[in-house]
Amino acid sequence: MLLSRLAEREYFANTLQNKLEFALIKCPKAPKASFSISIGMGHFNDPDNCPGLSHLLEHMLFTGSHAYTDGNYLHDLLHKNGGFINAWTSAETCNFHFDCPHTIFHEALDVLLDMLKYPNMSLNGIQQEVLAVDAEFQLRQQDDVRRLYDIHKETANSEHPFTKFSVGNKGIFSRYSENELQTMLKQHHEQYFISSNIKVAIVAEQSWLNSENMQAITDKLSIFDDKLEAQSIPQLPDLYLDEHKQIQIEVKPHKFTQNLMLTYCLPNLSTLNRSKPILLLSHLIEDSNENGLQWRLKRLGYIVEVIASGGINDKRHQDININLRLTDKGADNVENILTLVCSWFEFLQQQGIEHWRFDEKAQQLALQVKHAPSPSGIDEAVLLATRLHEYTLDQALSVDTVMDRYDSDTFDAFLAHFKPANLRVFFIHENAKTDKVSAQYEAPYSVRNLEAFAESNAQYDWSLPQRNPYMSDDFNIVKAELTANQIINFESDDLLIKFTQNTAFNTPKGDCYFSLESPNMIGSARNIAIKRLWVECISEQLNNQYNSAELAGIHFRLYGHQGGVSLHTSGFSHRQLVLCEEILRALTRVKVTPSTFLTMKEKLQKSLQNTLLNKPVNQLFSELNCLYQENTIGQKSILEELNSVFLPEVQAHVEKYFVETHVEGLVVGNWSLEQAEKLFKRLKNNAIHFNKAHKSGRRVADLHKQNICLMKENHHGEHAVVHYLQAKDSSVESKCLFVAMEKLLSPIIFDELRNKQNLGYLVGCGYMPINKRPGIASYVQSPNYQSDVLLEAIENVLEDFCKEIDDIEPIFDNFINSLSKQFSSEDTNTTQYAQRLWLEFEIIEEQSENANFYKQIKELSFDEFKAGILALLSSTNMKRSVFLTTATKGAPTRLSNCTFANSVIELKKSCKYV
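Just so you know, we're using my numbering here: the sequence shown kicks off at 835 and counts up by one.
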C-alpha cells in the first residue's frame, strides 16, 4: 500500500504528557473508526534463552485482563457489530488493531487498553497459549517460505538478532515451568509496554471526532506511564560477515518449486528514499523489452518469470532480491544464468540511469499515488502507527510516494554494489544436494562458496527499455451523461455490453470485464486442462507484448471460470479501451509458440502438483467446491489429463472456441457513451462469432436435504474436517438467516474449539455461498486429534447453539440493527463498484443485492431466526456435507446415516444440479 497524505483527509500528530505519540486522521466519511497501537517490541527484543517470548506475550494479551476476564470478549463484541481485530509481532514491533462502528468505539478501546495495560497472565492462559503458539508453529512446518526463512537465519551472522527464532514453540517454552514463564512474561510486558515506547494511529469520521470524543480518547491513552525507559537494542552488528556472502545455498523444498533467488547485500538506503533506486532497478529488471534481462532469460528457456524487490532491512542493511522462477532447463543452467545477470549489471553500470528514466518513473509513481483508491482506515492506521517509531508523521506520509531527487552519482554508487562479492544465491529445487537440516523447520540445505563466474564468449547486445508508449497526459474526467447507477445496454442478437460511468468517484480510471464461453471450454477434465494451459500460454505472450501498458498503470488479467474464461482490464481509462479491444482480438489470432507451450505446461504441472500438497483443510475445501459446482473438476483429474496434452491438440481445440462463442461484457469508468458504443461496434465486427445459446449455467448441487460424507486419504500428518450446511434456496431470506447465523456462531466456534479445547490453530466458521446459494462452512485442522474427534467437537457446538438459542433473544434486535448497517455502506472506489456490478451482472438493472439484503435483514425477527436455526441445527433435522481426512478408526459413528464416498467424482454422479 502506498501511504500518502490524501487531500480529503486531515492529519494531526500529537504527543501526550506521558510521551505517547499518536496520529489522528479525520475523514469526511468513514463507515468505521479504526485504531492501531504499536509497541516497540519484537523478536529482536526476545531474551537469548527464550526466543519467541514476544510472540507468546502477544497471544497472552488476548486471554483476559483485570476488568475483562473473558479473553474472547473483544472479539465477540467486534464480530457481532461488523468489526475486525487482529495482532502481529514482527522483528521490532508488535501491533494490535481493530475497526468498528463509531457507536461502539469507546467500549472496544476500553477493552483493548485494559488487555494491554492490565493482562491477567494466568497460568491456565499460559498453558493454553503455549499450545496455541506451538500449533501455529506446527502448521507452518511444511511452509516453504518459513523453511527458507529458517535457512536464511542460519546462514547469516549469529550475533545479529535477525537470526533468533521468532515464533517460539512448545519445545522452547517447556524449558521453563509455567510460573517461570509467567515471571518472564510480566517482566517483558513491564519493560516494553510503556508510553514512550508506544505509537498510536486513529482514523475516524471528522464529524465524530469532536472535542468530547477526543478528550475521552486522550484520557484513555494516558493510562500508560513512562516511569521506565524501554531497553533499546544495542548497535546492530553486521547482518552478514564476509563468510556469509559470495555463497550458494541449495535448498530442498517441500513443494515442487524451482527458484533461483539472488540476494545482493547492500547498506541501508533510507537516505535515498526520495531517489527510489530500488523502484527504478526493479522496473528495469522486470521490463520485457527486447534484449533486456527478462527477455533474454526467457528466450533461452531458462525462466518462467522474474520479480525484483527489496528484501529484509534494518537500520544498517538492505537486501535486494531478484527471484527467478526456473524451468527445468534453467535449473540445469544456473551458472549460465548467474553469468548473464552479472553481465547485465556490468552493462547497467556502464550505461547508468539516464535522467529521463528517472522522470518517467517519478511520473508513474506520482500518478499512481494521486489516483490510488483511498486505503481502508484500518490499513492506514496500522501502517502509520508502525512508521511513527522511525519517522515523523510528515515523513511517514511521504517516504513511499515522493520521488524528486535525481543524482547520477547516487545511482552510480548504488549500482556499484551489484557485484559477486555482495551476492548470496539460494537455489531451491527438489534434487538439491544437501548436508544440513535447519534447526526449527527441518529444511534440508547445503552451503558452498560461489565459484568465480565463467567468462562468457558470447557478446550480449544488451539494451534498456525505450520510452513507454502507454504513458499518457490525458487524465481529464469525462462529462457525466448518466445518472448515478444508470446502466446502458449495447445489445444485438448475439452480443451484450452493459455500460455505466463512474463519475461519482472523480477518477480517470475504469474497469472492463468480458466473459467468453464455449462448450469446448468445459464438460470434461481434458477440456478444462486444455483451457487452463491455453490461458497460461496466451497470458504469457500477451504479458510480454503489453508489459509497457502494465508499467503505465493499465492492467489486464485473463483467467478461467466455471463456464469459460474472463478478461479484466483496469487502471487509467485513457487507452484502456484500445488495450481491451486489442487483447480480445488477440485471443482469436495469437498462436501459442512451442517454447511458450513447453514453459507454461511445465509451470502448470508443478502448480497442480503443489495443490495436491496443500494443507488438509485447503484440500477439503477444494473437494467441497468441486462437488457443489457442476462445472468444477478436481485438480488431480486435470493434472492427469494435462500430462498427455501437446501443442497440436491445443491449437486444434482452441480453434473450436471461436467458431461460436458467447461473449458478454461490462464497461465501468471514465468513458463517454460514444466511446462505449464505438467499442461495441468494433467488437461486433471482430472475427469472433457470437452465439447466446452457448452461455453455460452456473448450476449448484442441491444437497440441503441429504447427509453426505467424503473421506479423503491423508498424507500430511495432520487431520482436518470441513462441515458444510447448505441453504434450501438462493432467496434473500435464506441469505439473511445464514449471514446472521454465521455472525453469531463464528466467535463461539473459535472460542470453544481453538481457545478452550485447543484442537488446533486453523479453526473457523464462515459464510460460504456457492454460485449464490448461501452456506456456512465450519472447519478445524489439528496436529493432535483425529477427524472423528474434530467432527464431534464441531457438531457439539452447533447443537449447543441450537439448544441455547433463546439466550440470544435479549440482544437480537440490537444485533440485527448493527448487522444491517454493515450492508448499507456504499462502494468506496471505482474498482469495488465495477466488481460488484460484474458479480450482479444478470440482475444489474434491479436493486443491488446489498440493498435487497439491507431491507430484508432489518425485518428479520427473532422468531423467524429461531425457527430457521431449529430447522438447520437440531440433532434430528441437521443435514450436512462433511469432508474429512480418513480417521484410523474409520467413519465417525455420528455419520452412520450418511452417504459415503472416497472421491468427488463418485459423488457428482448422483448429485442433482439446479
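Backbone N, C-alpha and C fix where the C-beta goes; we use that ideal spot for every residue, glycine too.
For residue i, does the count of other Cβ atoms within 10 angstroms reach 16, so buried, or fall short, so exposed?
i: Ile1691; result: buried
i: Arg1600; result: Note that residue 1600 is Gly in the sequence shown here, rather than Arg. With fewer than 16 other Cβ atoms within 10 Å, it is exposed.
i: Val1497; result: buried
i: Asp1640; result: exposed
i: Gln1128; result: buried
i: Glu1586; result: buried
i: Asp984; result: buried
i: Thr989; result: buried
i: Pro1428; result: exposed
i: Val1001; result: buried
Comparing C-alpha positions only, which one of the options sits nearest to residue i?
i: Cys1646; options: Phe856, Asn915, Lys860 and Leu850; result: In the sequence as displayed, the identity of residue 1646 is Phe instead of Cys. It is Asn915 whose Cα lies nearest to the Cα of Phe1646.
i: Trp1368; options: Cys861, Gly1398, Thr1341 and Asp1641; result: Gly1398
i: Phe1696; options: Ile1642, Ala1200, Asp1246 and Ile1677; result: Ile1642
i: Leu1217; options: Glu842, Ser1652, Asn1663 and Leu858; result: Leu858
i: Glu1494; options: Asp1228, Phe1524, Met1575 and Phe1687; result: Phe1524
i: Gln1274; options: Asn1592, Leu982 and Lys1512; result: Leu982
i: Asn1605; options: Leu840, Ile1036 and Glu1674; result: Glu1674
i: Ala1165; options: Ser872, Glu1436, Ser1654 and Val1623; result: Glu1436
i: Leu1113; options: Met1095, Gln1469 and Ile1154; result: Ile1154
i: Arg1714; options: Thr1665, Phe1348 and Ile1542; result: Ile1542
Between which two residues does the beta strand (DSSP E) holding residue i run?
i: Glu1660; result: Careful: Glu1660 lies outside any beta strand (DSSP E) and carries neither H nor E.
i: Tyr1279; result: Pro1278 to Asn1283
i: Met1095; result: Asn1093 to Pro1101
i: Ala1038; result: Ile1032 to Glu1039
i: Ile859; result: Glu855 to Cys861
i: Phe1734; result: Thr1733 to Ala1735
i: Phe1480; result: Run containing Phe1480: none; DSSP gives neither H nor E here.
i: Ile1146; result: Ile1137 to Asn1147
i: Tyr1347; result: Lys1343 to Glu1351
Starting from residue i and walking both ways along the alpha helix (DSSP H), at which residues does that stretch end?
i: Glu1169; result: Val1168 to Gln1185
i: Leu1073; result: No alpha helix (DSSP H) holds Leu1073; DSSP gives it neither H nor E.
i: Thr1433; result: Pro1428 to Thr1445
i: Trp922; result: Segment Phe918 to Thr923 is the beta strand (DSSP E) holding Trp922; no alpha helix (DSSP H) there.
i: Val1566; result: Val1566 to Ile1583
i: His1263; result: Segment: none, His1263 is in no alpha helix (DSSP H) and carries neither H nor E.
i: Lys1743; result: Taken as a continuous stretch (DSSP letters only), Lys1743 belongs to no alpha helix (DSSP H), as it is neither H nor E.
For residue i, which residues of its own chain have a beta-carbon under 6 Å away from its beta-carbon, when the five flanking residues on both sides are left out?
i: Met875; result: Ser888, Cys928 and Tyr1026
i: Phe1492; result: Thr1422 and Ile1522
i: Ser1030; result: Lys853 and Asp1060
i: Phe1717; result: Leu1454, Glu1457, Leu1458, Leu1544 and Val1556
i: His1088; result: Gln976 and Asp978
i: Lys951; result: Ile1057
i: Arg1130; result: none
Which same chain residues end up closer than 8 Å to residue i when comparing Cβ atoms and leaving out the 5 residues on each side of it in sequence?
i: Thr1091; result: Asp978, Ile1262, His1263, Glu1264, Lys1440 and Asn1444
i: Tyr1393; result: Val1369, Val1399, Ser1400 and His1402
Grab me the residues of residue i's own chain with a C-beta within less than 7 Å of its C-beta, minus the 5 sequence neighbours each way, in chain order.
i: Leu1316; result: Ile1322, Thr1334 and Gln1335
i: His1251; result: Tyr1098 and Leu1100
i: His940; result: Ala1050
i: Asp1328; result: Phe1524, Asn1525 and Lys1526
Roughly how many angstroms separate the alpha carbons of residue i and residue j, rounded to a whole number?
i: Val1034; j: Ser1041; result: 20 Å
i: Ala867; j: Phe932; result: 8 Å
i: Ala1266; j: Asn1520; result: 50 Å
i: Pro1482; j: Phe1514; result: 33 Å
i: Lys1004; j: Asn954; result: 21 Å
i: Asn1378; j: Gly1594; result: 44 Å
i: Leu1106; j: Ser1352; result: 53 Å
i: Phe1390; j: Glu1511; result: 21 Å
i: Met1602; j: Gln1463; result: 13 Å
i: Ile1141; j: Gln1485; result: 30 Å
i: Lys1270; j: Glu993; result: 20 Å
i: Thr849; j: Glu855; result: 4 Å
i: Leu1704; j: Gln972; result: 38 Å
i: Ala1574; j: Ile1628; result: 18 Å
i: Asp1661; j: Pro1342; result: 17 Å
i: Val1451; j: Thr897; result: 26 Å
i: Gly1598; j: Tyr1613; result: 6 Å
Is any beta-carbon of chain D found at less than 9 Å from that of residue i?
i: Arg1159; result: In the displayed structure, chain D is absent; only one protein chain is listed.
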